[in-house]
Each structure stands twice: as C-alpha cells, then as structure tokens.
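Chemist: Quick one: the structure is below, questions incoming.
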Amino acid sequence: MLFKAIVLAAVLIVSIEGHLRDQAKQKYIGTAMAAHALTDGAYKTMAGQEFNSASPENEMKWGFLEPSKGNYAWDNADKLVAYAQEHGMKFRGHTFLWHNRIPEYAQKLEGKKAELAKVVKDHITTVANHFKGKIYAWDVVNEVIDGTKIRDSLFSRTLGAGFIEEAFRTAHAADPNAKLYINDFGIESKNSKSDYLYKLVKEWKAKGVPVHGVGMQAHFREGSVPASLQENIKRFSDLGLDVAITELNIRYKLPGSQDKINKQTQDYAHAFQACMNVERCVGVTVWGFTDKYSNIFDQGYGEQELWTKDYKPKPAVAAVDKGHLRDQAKHRYIGTALSKWANSDTKYWEIAGQEFNCGSPENEMKWAQLESSKGNYNWADADKLVEFAHKHNMSFRGHTFLWHDRIPDYAMKLDGKKSELNKVVQDHIKTVASHFKGKIYAWDVVNEVLNEDGSGNKLRDSLFSRTLGIEFIEQAFRTAHAVDPNAKLYINDYGIEGKCRKSDALYSLVKGWLAKGVPLHGVGMQSHFRVGGVPETLHDNIKRFADLGIDVAITELNVRIKMPPSATDTAQQTKDYEHAVSTCMSVDRCVGVTVWGFTDKYSDVFDKGYGVQQLWTDKYNPKPAVQAISKTFFIIGYKNNLFNTYAQGHLRNQAKHRYIGTALSKYANSDTKYWEIAGQEFNSGSPENEIKWSLLETSKGNYNWTDADKLVEFAHKHNMSFRGHTFLWHKRIPDYAMKLDGKKSELDKVVQDHIKTVAGHFKGKIYAWDVVNEVLNEDGSGNKLRDSLFSRTLGVEFIEQAFHTAHAVDPNAKLYINDYGIEGKCRKSDALYSLVKGWLAKKVPIHGVGMQAHFRVGGVPATLHDNIKRFADLGLDVAITELNVRIKMPPSGTDTAQQTKDYEHAVSTCMSVDRCVGVTVWGFTDKYSDVFDKGYGVQ
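Residues 1029 to 1967 in the working numbering are what the sequence shown lists, from first letter to last.
Structure (structure tokens):
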C-alpha cells in the first residue's frame, strides 16, 4: 500500500518501494543550548519540551574545552549532553576545529607542522572518545571555506588543505558510529562558495574520506532566505550525503514592526519547508530559541529567535509547527475521482481502496446524470461510489450541484424564466444534499462558473448566469448550507491555479461573498496541467486564498504528456506531480489533493494529441510520480485515514522519534538476506536471547559478550536504537545463581553484580532496558508476583532494587518493566498498574511499561488503546515490545486478512497515544520464528 497502513509519528507510511525504517526516519528539530542558561528554570523547561535535538553554542569549541594543554574542562559540555539524554534528545557535537577559539598553546605552533598535526589529532581523539556513544553527529570542521578557497587559518597555513581530510579520518577512527559533517555559512544557496564546497565534498567522497553530511548554518537577515535553498540541499543530498540546517535564525533591522515579524515568520517557514521537502535533509537546529540569550553579530539587527525574551512564542513558532508536521485535527487527504465505468474491474477498485483516503465522482453526481427527467432521480451509480468510499474509510467529495454542462433538458428549457428556474435549482440542490446528508465531507457547490479571463462581470455565460444573474451562486451556497450545515462548501474551477486575471477575479468575488456572510468554506483548484505547466505562483495563490480564512483543495489533478511520451516528459511529469502535491502540503489550509482518475485505462483526455496523464499506467503499473508523491506526504507528516499527525503542542513532540523495531537473532548470522532486510526495514533492534543472563554468563564471572556485541554493533552501524532485553527473567538463569534459592544476601549480591556488570558493559549503547521480564503472576492475584527464584528469595523488593541498580550504572537509559497478558485492561494489567503507581510514588526510576503483545489472530484486545493511555497518563513511556500475530495452521485466507488487520490495529493504536514510543516485532521472518503455541504459526 502507498498511503494507508502503519503510521509512525514522525509519521510512517508504507509505500510500495520504501522501507519501514526509512518511512519512520526521524526529522529532528533542535536548538543550540548554553550551559549557563540551564540555571534559568523557564529556559530549562522549554528546551526539553520544544526540541528533540541539542547542540552546544560554545561549550565544545577547543578553547572552551581545553584552555591549557591537557587540561580539559568537561563540566559544561557534560551538563548539556546529560540534559539532552535526560530529555530524550539527540546531540550534535560542535565543533572539533574552527579558526577561532583555539587555545594559546596550539596557536604558538604556527608553522610547526608535525607538532600542530599531533596536537590536532590528540585533541580530536580525546574529545571524540570522551563523548563516544553520546553524540549523534559532529561538526568536524567549521567555517573552513572562504569564497572559492580554503580559509586562511592556523590550520591551513601550517598543515595545508589536507588537514580537513585528516580531521575526518581521525574523528571516524575514534567514533565510527557518529555522523561527520562539514559546517559553514553562506553555502545555503547555489553560489560560488557552495559550488566550491560541492566540488570538494565530491572529491573527498571519491577518495573515501568519511564525510557523511553538510551543515548549512543559515543565519539570515529577514527576506534573504535564498530561493535556491531547497535545490541546493537536494544537490548535496544527491551525492549520498545527509544535509542539516544547523544554526538557523532570522534577524531583522531594529526596531521591529508587524511587517518585519510577518516576513520573519514566512522566512522561518520557508527554511523549514525546504529541509522537509528533501528526504536526506535530516533536521533543523535553531541557534538558540529565545531572544533572552541571543547572540547578535550584526549591528542594528536583533529579535532573531523563535521566542521573545520573556518566552512568548512568536508567529514563526506556529508557522514552523504547521510547516513541519501537520496540526493534529487537520484533515489531509489524497483522493481520486471514481468512475462507474470501472464497475467490473476488480483491480481498479482494489487500488482505489488501498491507495486513497478520499473519493469523488467523475460524473455520477452531475445534474443530468442524477435526474435525467424532472423528478426522476437515479441514485444507484452515485450511491455505489459513496458506499465504496465508506467501506474503505475514505471521505467523499460531492461533485457537483451546478455546472454549465450536463443539465437535464427540462431545466434547459427554462432559459429566461427566472422564478421557475430559481425554484428548480433550489429543489435540485435540496434533494441531492438531503439524499447524501451526513455522507459527504465537502461539496463543489458550483463548478466552472468564471469566464476564461476574469473580465466583465467575471461570470461564464450559462443558463444560470443569463437567467438568474450572479446572485445564483450565493443562493446555491445558502441553500446547500441550510440542508447540510456540516458539509464544507466549495467553488471549483480551472485556470485559477496560478496568480492571473481569472484567479484575481475569483479572489475578489470570494472576498466579497465572505464579507456578506455567504457560507463558502473553500476554493477548489482543478489543476489539469500540460507537462511542465504547473504555475510558479501556485504556492502564493493557494496561500492568498487560505489567508482569507478558507480551505483550499486541489480537486482534479492530472498532468498530460504530448504523445508519444518521451523519457524527458515522463521525468517532468513526476516533478510536476510532486510540485503540485508538495505545494499544497506546504500551505496549512490546503487540505488535500484529488487526482482526476488514477489509471490511464479509464482516462478522459480532452486535449488532442496528449495522454498518459494519470499516476498508474493502463496496466496498473505505478509511474515514478507515485513514489514522488509518497515521499512528499512522508516528509510533510502524513497520517493514515484521517491524515492527522498525532503530535500536538510542542515542536519536539511534532518531530518526536517513533521507532519500528525487530528482535534480532544470532542464529541468522550467515544469512545475508536477513541482515539486509533488518537494516533496511527497522530503526530499532532488540536481542531475542543474547542478553539473557545464562546466555551472557554461562558460569560465575565468565561473560561471553560476543553474540550480544555483534547485535549492538549491527544496530549502531545501521543507525538503529537498541533495546536491552533483559537483566532478570524467571528463566535462563545460570546454575550458580539457581543454587542460591533461599539464600537472600548471597542472591541479592549476585543479582546486583550481574546488573552492574551488564549495564556497565553496554552503557551509552542501549536506548532502553527491560529491567525485569514477566515478573507478574497470571491473574494478578495475591502479592501479584510470579513465583520465581527472585520473588521467593528476595521478595517483591527485588524489582525496586533492580531498577535502582540499573539507573545508578546507566542514568541515561530508559528502564522498563516488560510482560505479556497486560495489553488489555484486565486483572493482570490492573495489578501492574497498581504496582507501578506505587513505585513511582516511591521514586523508583521506572520510565516505561513494555507490552509484549504476542497475539493469536483476532486476539488484539479492544481495550488496548485505553490501557496504553492509562499507563501513559502516569507519565510513563509505553512500548509494544514483542509483537507478533500467530495463525492456526494451515492458514486460511480469512485468517491472513485478519492478521493484517491485527498488525495494523496494534501499531496504529500505539501511534494514537503520544507516549507510546514505538513497536518492536518479535522477529520479522517466519524462517527464524519461535512459535510457542502448538498448532499455530506464520506469525
């Protein structure tokens, strides 16, 4: 499926080509932070609420870290890193080498190549090692370009241009898992400086230099965000590099004014959108977020951050929010026109139901089609389309009450008879709106009522305009609204997509109608384009209508090509579709896009000599434009069915990292296909058995880390987070520990030593730990605990102690209690809820609940959402940790279909609760599946 499936908050779409871990890929929104500001309570609170990535302003620059040779002052930098980890934020290291802030002892090595080279290498190695495992990415070198040459600096003068390559190699050797960036200003647009950097980076990559990304600082004066920003980001990403906006702020000339604030708002939205529109632009960092601590280097300018000095959000905050991931309640759709002529074509209806979440009739609701003679309505074809849409959870756009074409003969004969025609028109609208009331999301009330160039009285010559005058439009809207006040009411036309005389005429009319209280809710832009014909002013035109407070929709999109089609035209068609869709998505009130049919098999091309205008071929093969649109919706923040994003409120929640993970097994060691898929499809890993006690420590003190280390290394290599599973379980306990049954002090010491040893070994590499696994009894009765070596000998307190011990060793890891049979609201989950509530009151460092979720097909509990939500409401994270859905063997078609629904139900339920942070499937292929339920399989 392209658009309807599992959603991951930063938003997961299952596309026909993309991998799950790519679709869920995190786009971050970060801020630079200053250690001295952490004493400011409001600053400290807001940074953790609003952002999911951090970067130090100055605290990691060489002169701050090492003021004299060998004397490192880690305190301030460590505080920032600890803060970030405590708040679940990524951290970007900034910077190893800069021409400024160099300690005196290094400055004195000017001209001493060997000595300076050693000092530089030692510095990078020391700093990278200190922060190893805690830094997502490093700005290895900062501001090393000056126009079309390497900047004159201590490093370039003494070491030559090769110092840059050497710095990257040194950093990579010290921390091979960190992403390594070159960071600079003035490279945001396509210009001579960015051209020079492009040439250098291309050469470095050809030589195997481990450069992974380009950081564009993006310190702009208002009104100066370059038009070529997105194009420039894209060309660097096309080299196989990540790109990040690393130091964004937008300053204006003081004193400020409303006009300057408005421009600043637009500029922030523009910069964010440019990044969001390129897949490998991984995130945006603002260089500070409040004017209270803002560092202005441009005299006479200021107020450059997103929040004021007293922490009030500026309009740009809302613009960034809306330009990045969509407001939760906002209806976004990708729709298609549907046709009765495909009635017996099963493939057509299969794709329509899978790929779209909104439907519209091609002709079935036009007047003459519905009412061929006076009073004789034939609803059958239209009803079938509406029923299909509802069956497939699609909204439906009604098209149309009034059009200059397809008018029944009896009405045409009323030309010039105003009162009679007026009554007939009102009766028709009332009858149709009543018939479909409650089933239609929006109506095109009138269609194509403007003349071609917006001249004269602006209206097309038609039966309605000739006989009823311009007032017929207002009356049609009022009549439709009176019958169905919940439907959105649109005026729909072609040739109004760009800013032109016709769209100017419509803008004037709409503005006037709104002033008179006409219930007009939206403008529909048909968007039938020739290839290469998407207007440059599409965005600005959509925006100006949206700024009137109405919705806008692209209602009949297709892009036709001159026949026979060329490769160039096909490539341009892809760009045109992507341009149109992404433009709509970049305007908050552009609510969705409908393509006018999706397959060339049933395409109606009105332009002689043109064709192949739809997204799928006449054989139902997707064209490249399908994938382009898929990526557009992924980047913008597209959500299944209602197309919401679940995040609401803080920016860091909007970009919140949701993972889709899998358990990994050493038994697949030599299976290259297994590891290829694991690395492509998932962004979190967990060990099946390799970290369980007796697998790690076969005899007392003899730890075998090999298998577990391989899994962790694989995860880090593929940029996957890793969940440790588990310190304590009632099974897989080594013999020497089993012999301590009843010996409380001895067993307690052994347990603490084990947790300390394992947590210490993996410190900094594990995102979260299942501290205890399956400790509850089956029905939550009695003392609620399973009978085990630990509960018998140590009592219920062993759980609290385990959490305290793990937290003391690795305070940055999230600590979970993990169990099965707690997914729904039941006696067992009630028992856990009671225990967890008590532990939290006692300040036990428990951060999350893991719900294993091993289900029989059809067995996902109806109360899953409410149960996840109640634990989340305690302030805990929740994760689905071991999901699979097993089927009674041999599998039937019914069970397989139900299994699909169960997986979707479980994942979408997690995604609908803000603090349900991700889903791990317990293995992803039946080849290595461990089925514990006799007679069941293919899970």
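For every residue, glycine included, the Cβ atom is placed at its ideal position computed from N, Cα and C.
(1) In angstroms with no decimal places, state the Cα-to-Cα distance between residue 1437 and residue 1255.
(2) With DSSP as the reference, identify every bridge partner of residue 1424, one or two as the case may be.
(3) With burial defined as no fewer than 16 other Cβ atoms inside 10 Å of the residue's Cβ, what is the status of residue 1693: buried or exposed?
(4) With a cut-off of 8 angstroms on the beta carbons, I'd call residue 1066 and residue 1118 a contact; round off their distance for me.
(5) Who are the Cβ neighbours of residue 1968 in its own chain at under 6 angstroms, not counting the five residues just before and after it?
(6) Hey, is the stretch 1577–1591 in contact with the stretch 1612–1621, meaning 3+ C-beta pairs nearer than 8 angstroms?
(7) Quick one: what does DSSP say residue 1867 is sitting in, helix, strand or coil?
(8) Have a look at the DSSP bridge pairing and note the partners of residue 1365.
(9) Just the C-alpha distance for residue 1220 and residue 1226, rounded to the nearest angstrom, thanks.
(10) Can you give the beta carbon distance from residue 1144 to residue 1134, rounded, assuming they're within the 8 angstroms contact cut?
(11) Going by the beta-carbon positions, is the gap between residue 1948 and residue 1900 smaller than 8 angstroms?
(12) What's the C-alpha gap between residue 1446 and residue 1630?
(13) Apart from the five residues just before and just after residue 1678, which ones in its own chain have a Cβ nearer than 7 angstroms to its Cβ?
(14) Less than 8 angstroms between the CB atoms is what I'm expecting for residue 1431 and residue 1499, so what's the real figure, rounded?
(15) At what residue ranges does the stretch 1235–1308 contain a whole run of the beta strand (DSSP E), taking only runs of 3 or more?
(16) Under the assumption that residue 1224 contacts residue 1176 (Cβ atoms under 8 angstroms), give the Cβ distance between them as a whole number of angstroms.
(17) The beta strand (DSSP E) spanning residue 1583 covers which residue range?
(18) Would you check if the distance between the CB atom of residue 1752 and the CB atom of residue 1790 is smaller than 8 angstroms?
(19) Could you tell me the distance, in whole angstroms, from the CA atom of residue 1822 to the CA atom of residue 1767?
(20) Identify which residue in 1563, 1480 and 1802 has its Cα closest to the Cα of residue 1534.
(21) Any idea if residue 1782 is buried or exposed, counting beta-carbon neighbours within 10 angstroms, 16 or more meaning buried?
(22) Find out if the Cβ-Cβ distance for the pair residue 1730, residue 1723 is shorter than 8 angstroms.
(23) Leaving out the 5 sequence neighbours to the left and right, which residues in its chain are closer than 6 angstroms to residue 1391 when beta-carbon positions are compared?
(24) Hey, out of 1187, 1551, 1102 and 1149, whose CA is closest to residue 1139's CA?
(25) Residue 1509 by DSSP, collapsed to three states: which one?
(26) Is it buried or exposed, residue 1817, if we count other Cβ atoms within 10 angstroms and call 16 or more buried?
(27) Confirm, please, whether the CB-CB distance from residue 1443 to residue 1491 is below 8 angstroms.
(28) Are there 16 or more other CB atoms within 10 angstroms of the CB of residue 1180, so buried, or fewer, so exposed?
(29) For residue 1860, does the count of other Cβ atoms within 10 angstroms reach 16, so buried, or fall short, so exposed?
(30) Identify whether residue 1451 lies in helix, strand or coil by the three-state DSSP scheme.
(31) Am I right that residue 1245 and residue 1302 are in contact with their C-beta atoms under 8 angstroms? What's the rounded C-beta distance?
(32) Taking C-alpha atoms, which residue in 1428, 1765 and 1130 lies nearest to residue 1094?
(33) Indicate the three-state DSSP secondary structure (helix, strand or coil) for residue 1961 in the structure shown.
(34) So who's on the other strand from residue 1623, going by DSSP bridges?
(35) Enumerate in chain order the residues of its own chain whose CB-to-CB distance from residue 1073 is below 7 angstroms, with the five nearest sequence positions on each side excluded.
(36) To the nearest angstrom, how far is it from the Cα of residue 1330 to the Cα of residue 1283?
Modeler: So, from the data block:
(1) Straight through space, the alpha carbons of residue 1255 and residue 1437 are spaced by roughly 53 angstroms.
(2) DSSP, once it has assigned bridges, lists 1387 as partnering residue 1424.
(3) buried
(4) Contact flag wrong, Cβ pair sits at about 18 angstroms.
(5) This structure gives no information on residue 1968, because the portion of the chain shown stretches from 1029 to 1967.
(6) Yes: the two stretches touch, three or more of their Cβ pairs being nearer than 8 angstroms.
(7) Three-state DSSP puts residue 1867 in a helix.
(8) 1388
(9) 10 angstroms
(10) 7 angstroms
(11) Taking 8 angstroms as the cut-off, the beta carbon of residue 1948 is found no closer than this to the beta carbon of residue 1900.
(12) 39 angstroms
(13) Summary for residue 1678: the model assigns pLDDT 33, below 50, so the residue's position carries little reliability; its value from the coordinates is reported in the next sentence. Within the same chain, residue 1678 has close Cβ partners 1077 and 1078.
(14) That pair is no contact at about 18 angstroms.
(15) 1241–1244, 1247–1249 and 1270–1281
(16) Here residue 1224 really is in contact with residue 1176; their C-beta atoms are around 4 angstroms apart, less than 8 angstroms.
(17) 1579–1590
(18) yes
(19) 14 angstroms
(20) When each option's Cα is compared against that of residue 1534, the closest is 1480.
(21) buried
(22) no
(23) 1397
(24) 1187
(25) helix
(26) buried
(27) yes
(28) exposed
(29) By the C-beta density criterion, residue 1860 is buried, having at least 16 other C-beta atoms within 10 angstroms.
(30) The answer is helix: DSSP assigns residue 1451 an H, G or I state.
(31) Wrong, their Cβ atoms sit about 14 angstroms apart, outside the cutoff.
(32) 1130
(33) coil
(34) 1364 and 1585
(35) Residues of the same chain with a CB within less than 7 angstroms of the CB of residue 1073, apart from the 5 flanking positions on each side, do not exist.
(36) 8 angstroms
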